[in-house]
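Reminder that position 33 of the sequence shown reads as 33 in full-length UniProt numbering, one-by-one numbering, no gaps. Here a beta-carbon is modelled for each residue, glycine too, at the ideal position from N, C-alpha and C.
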Amino acid sequence: MGVGHAHGNASANGHAHGGHSHVHATPDSDRRWLAGALAVIAVFMVGEVTVGILAGSLALLSDAAHMLTDAASIVLALWAIRLAARPAAGRMTFGWKRVEILSAQANGLTLLLLAAWLGYEAVRRLITPPPVTGGLVLTTALIGVVVNLLATWMISRANRTSLNVEGAYQHILNDLFAFIATAVAGVVIVLTGFERADAIATLVVVALMLKAGVGLVRASSRIFLEAAPVDLDPTAIGRAMAARDGVVEVHDLHIWEITSGSPALSAHVLVQPGRDCHAVREDLAHWLADDHHIEHATLQVDHAQPELIQLGSAAGAHCEDSHGPTHRSDRAN
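As C-alpha cells, this is what we get:
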C-alpha cells in the first residue's frame, strides 16, 4: 500500500537521517467491548425481525436490517483490529494498518446503501401505507432503545480515535436514533391510528444514516488519497520548519496518515553550511513530535549550497523537480 513520497536515507553529502517512532497497537480491551456489543445486538436482532414481520412494521424491519449491518460492522472491525496487529513484513512495509480504514469505508458505504433502500421503501409506504400494529412497534422499539444504549456505551469505551472503531460506533449510534424514532412512531399510531408515522420515522433514520455514511466515506477517502490530516496544515508546518534555527529551506514536504491517528511526514531539509545536520534533524524531529504529534518523521538533511543562500532562490537546491511548494527561511533571503 502506498503511503506517499519520501526521500531515501542517503544524500549526496552523506547527511541524510531518518527519525522514526511508531505509535500504534489497539488496546486489547477494544476487542472485548466490541465483542460484548456484538453479542447484545445479535440476540435482540433475531427477536426484532420476528416481531417486525408480525406487526407489519417497516420501521422495525428497517431497524433490524440496520442492526444486521451493525453486527457486520462490528465483525469487520474485529477482523480489521486483528489483521492490523500483524507486524510489518515483506512487501507490507507499514504492516496491515490500512485494513482498519478499509473497514471504516465499508461501514460508511453500507450505511449509504442501506439508507437508499430504506428511503425508497419509506416513500412507497407514505404513498400507500400498509396496516401497522402500533402496540408491538412501540414495545419492541422501547426494548431496542435499551439494547442500543448498552451497545453504544460498550463501543464508546473502545478507542474511538480509530476510524475503524468509529465506523462501528456510528452504526450503533444511528441504530439508537432509529429506535427512538420508531418508538415515537409507535406512540403516534397507538394514539391516532396515523400509520404513515412508521414511514416518516424511517425517513428520519435515513437522514441520520446518510450523514454518518458520508462522514465515514469522506474521512476514510482522505487517508486513501494520502491527504494531510484535517488538523495539520502542511503550509504552516513547512514555514515553521524553515524558521527553525539552522534551516535554510524545506521542500518535498509530505504529510499523510498511515492509518487514523498515525500521521507521518517526510521532507528534504537544507541547512546552513557549517551547521551540524544531526543537531538540526534532532531539533526538527522533537519539535514535530512535541508540537504536532508527528512521531513518524523521515527527514533527509543536507547542507545548502552557498549559491542557494546568495541568490535567495531555488538555484542550487538538491531537488530540481521538488514536489509541492518550497519553504525558505528569512535568513536565506
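To the nearest angstrom, how far is the alpha carbon of A85 from that of W96?
If I take the Cα positions, the gap works out to 7 Å.
Tell me the start and end of each unbroken alpha helix (DSSP H) in the region 271-312 that is at least 4 residues and wholly inside, in chain order.
Those alpha helix (DSSP H) runs which fall completely within the region 271-312 and span 4+ residues are 277-292, 306-311.
Would you call the CB atoms of L270 and L284 closer than 8 Å?
In this structure, L284 does not lie closer than 8 Å to L270 by Cβ.
Between which residues of its own chain and L138 is the CB-CB distance below 7 Å, once the five residues before and five after are set aside?
Around L138: A183, G186, V187, V190.
Using the beta-carbon count (16 or more within 10 Å), is G108 buried or exposed?
Buried, because 16 or more other Cβ atoms sit within 10 Å of the Cβ of G108.
Drop a sphere of 10 angstroms on the beta-carbon of S29, count the other beta-carbons inside from all chains shown, and report buried for 16 or more, exposed for fewer.
Result: exposed.
Closest to A115 by C-alpha separation, out of S220, D245, L210, would be which residue?
Answer by Cα proximity: L210.
Along the alpha helix (DSSP H) that carries V165, what are the first and last residues, could you check?
That run of the alpha helix (DSSP H) goes 163-192.
If you follow the beta strand (DSSP E) that V247 is in, where does it begin and where does it stop?
Note, V247: beta strand (DSSP E), 247-257.
Could you check where the alpha helix (DSSP H) with L234 kicks off and where it finishes?
According to the sequence provided, residue 234 is Pro. The question's Leu does not apply to it. Looking at the DSSP string, the run of the alpha helix (DSSP H) that includes P234 is 234-242.
In three-state terms, what does DSSP make of V230?
Of the three classes helix, strand and coil, the one that applies to V230 here is coil, per DSSP.
Distance, Cα to Cα, A151 vs E166?
Their backbone Cα atoms lie some 13 Å apart in a straight line.
Our contact map puts A77 next to N164 with C-beta atoms below 8 Å; I'd like the distance itself, whole angstroms only.
Between N164 and A77 the Cβ distance is about 5 Å, and since that is below 8 Å, they are a contact.
Residues in its own chain within less than 8 Å of V280 by CB, not counting five upstream and five downstream?
Excluding sequence neighbours, V280 sits near R244, D245, G246, V247, V269, V271, V301.
In whole angstroms, give me the CA-to-CA distance for R328 and A304.
Answer to the nearest angstrom: the Cα atoms are 11 Å apart.
Closest to V146 by C-alpha separation, out of E121, I172, P131, N159, would be which residue?
Minimum Cα distance to V146 is reached at I172.
Which residue's Cα is closest to the Cα of S73: Y169, W117, A88?
The shortest C-alpha separation from S73 is found at Y169.
Evaluate D175 with the Cβ neighbour count: other Cβ atoms within 10 Å of its Cβ, from every protein chain shown; 16 or more gives buried, anything less gives exposed.
Looking at its Cβ environment, which holds 16 or more other Cβ atoms inside 10 Å, D175 is buried.
Along the chain, where does the alpha helix (DSSP H) containing F94 start, and where does it finish?
First-last for F94: undefined, no H or E at that position.
Terminal residues of the continuous alpha helix (DSSP H) containing S221?
Taken as a continuous stretch (DSSP letters only), the alpha helix (DSSP H) holding S221 covers 196-224.
Would W287 and A158 be called neighbours here (beta carbons separated by less than 8 Å)?
Contact flag unset, no.
Report, in whole angstroms, the separation of the C-beta atoms of A122 and V206, which I expect to be a contact under 8 Å.
Contact flag correct, Cβ pair sits at about 7 Å.
Would you check if the distance between the CB atom of A104 and the CB atom of S220 is smaller than 8 Å?
Closer than 8 Å, so yes.
Going by alpha carbons, who is nearest to A65 out of F179, V230, L265?
Answer by Cα proximity: F179.
Span of the alpha helix (DSSP H) holding N148?
134-156 is the span of the alpha helix (DSSP H), which, as asked, contains N148.
Using only CA atoms, which one of A228, R31, L203 lies nearest to I81?
Minimum Cα distance to I81 is reached at R31.
Please classify A25: is it buried, with 16 or more other beta-carbons within 10 angstroms of its beta-carbon, or exposed?
Because the pLDDT at A25 is just 37, under 50, the model does not fix this residue reliably, and the value given afterwards should be weighed accordingly. Exposed: under 16 other Cβ atoms inside 10 Å.
Using the Cα positions of D252 and F94, report the straight-line distance between them to the nearest angstrom.
Taking the straight line from one Cα to the other gives about 21 Å.
Taking R98 as the reference, give the member of T50, D276, G134, S162 with the closest Cα.
Selected option, being the one with the closest Cα: S162.
With distances taken Cα to Cα, identify the nearest neighbour of T326 among H278, G274, A240, W256.
When only C-alpha atoms are compared, the closest one is A240.
Among the residues of its own chain, which have a CB less than 7 Å from the CB of A106, if the five just before and after it don't count?
Result list for A106: L76, in chain order.
What residue from L83, E249, T259, G238 has the CA that sits closest to P229's CA?
Among L83, E249, T259, G238, the Cα nearest to that of P229 belongs to T259.
Relative to the alpha-carbon of I255, which residue among A197, H278, F224, G47 has its alpha-carbon at the smallest distance?
The shortest Cα separation from I255 among A197, H278, F224, G47 belongs to F224.
Between R208 and W79, what straight-line distance do the alpha-carbon atoms span, to the nearest angstrom?
This sequence places Leu at residue 208; Arg is not what is there. The straight-line gap from Cα to Cα measures roughly 26 Å.
From which residue to which residue does the alpha helix (DSSP H) around R160 run?
Note, R160: premise wrong, no alpha helix (DSSP H); not H, not E.
If you draw a straight line from the alpha carbon of I101 to that of A267, how long is it in whole angstroms?
Taking the straight line joining both Cα atoms gives about 25 Å.
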